[in-house]
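Protein chains: 2
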Amino acid sequence: MSTSNIFANIPARVASEIVERIAHSSAVTIERIISPRGYASPGGFWYDGDRNEWVLVLQGGAAVLFEGESSPRLLSAGDQMTIPAHTRHRVEWTDPDQVTVWLAVFY
Amino acid sequence: MSTSNIFANIPARVASEIVERIAHSSAVTIERIISPRGYASPGGFWYDGDRNEWVLVLQGGAAVLFEGESSPRLLSAGDQMTIPAHTRHRVEWTDPDQVTVWLAVFY
């Protein structure tokens, strides 16, 4: 067992989303995802995952819009939510002042 | 989807370990675990999990000893590790000055 810190090696700026796999099995994938400052999903794009996703904001903040809803959910550091499979959603914006770091568990 | 904060409702002191389920499926369980200040696993006790466990310290700190090793791994806030199934381990101590909060994913 090796240990590492979830906040290590976070660049101050990234040009596009960086996805790092932390752990993986046939049933689950755990990732650290770094979103650029002031990021938004491409226009008209909706994430539509095959698996459930539990997500925790480790740093920064974001607004996540679910299809059919009029306003996005605002997430800050420490905020978490579970997104059931095939629940279409998109990132409306992320913190403009720092990269946003997510912990995501797909299962 | 409801959101909540992973740092919400953490008591300043707890008498024994508190385990809260965050998400669950047949394949994975995500928990927040709060350990008392200055906690240690019962003498001679080894955790021996049927599932892999990925663990992240959210607050506090701990020393985790693996069977057959001479010294424990020291974990602080942000430190993570994966503990394969049936890897016997015990908590030697936790932070005496605050409760220690773990995020654990069993899979």
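Those protein sequences? They're chains A and B, same order as listed. The opening residue of the first sequence carries number 0 in numbering that gives the first Met the number 0; numbering runs sequentially from there. The opening residue of the second sequence carries number 0 in numbering that gives the first Met the number 0; numbering runs sequentially from there. Ideal Cβ placement from N, Cα and C applies to all residues, glycine included. Given the structure is predicted, the values throughout are model-derived calculations rather than measurements.
Neighbourhood of SER1 of chain B in chain A, by CB distance below 8 Å: MET80, in chain order. As for any beta strand (DSSP E) of minimum length 3 sitting wholly inside the stretch 62-91 of chain A, the runs are 72-75, 78-82, ordered along the chain. Taking CB atoms only, TRP53 of chain A has a neighbour in chain B less than 8 Å away. For the C-beta of PHE65 of chain A, the chain B residues within less than 8 Å are, from N- to C-terminus, MET0. Around the beta-carbon of LEU74 of chain A, 16 or more other beta-carbon atoms lie within 10 Å, marking it buried. Residues of chain B with a Cβ closer than 9 Å to the Cβ of GLY59 of chain A do not exist, since the nearest Cβ in that chain sits about 14 Å away. GLY59 of chain A and PRO10 of chain A have their C-alpha atoms spaced approximately 13 Å apart. Contact annotation: in the stretch 3-15 of chain B, residues whose CB is within less than 7 Å of a CB in chain A are SER3, ASN4, ILE5, PHE6. The Cβ atoms of HIS85 of chain A and VAL63 of chain A do not sit closer than 8 Å to each other. Between ARG72 of chain B and chain A, the shortest Cβ-Cβ separation is below 8 Å. Counting along the chain, the unbroken beta strand (DSSP E) around ARG31 of chain B starts and ends at 28-34. Residue pairing for TRP101 of chain B: DSSP places it in a beta bridge opposite B:ILE32, B:VAL56.
Nearest Cα to ASP96 of chain B within the set B:ARG50, B:VAL56, B:MET80, B:ARG36: B:ARG36. DSSP, read as helix, strand or coil, puts ASN4 of chain A in strand. Taking CB atoms only, TYR46 of chain A has no neighbour in chain B less than 8 Å away. Between GLU68 of chain B and the set B:GLY48, B:TRP101, B:GLU91, the nearest pair of CA atoms involves B:GLU91.
With respect to the 8 Å criterion, ARG72 of chain B and MET80 of chain A are not classified as neighbours on the basis of their beta carbons. Separation of the CB atoms of ILE29 of chain A and ALA22 of chain A is rounded to 4 Å, and the pair is thereby assigned contact status at 8 Å.
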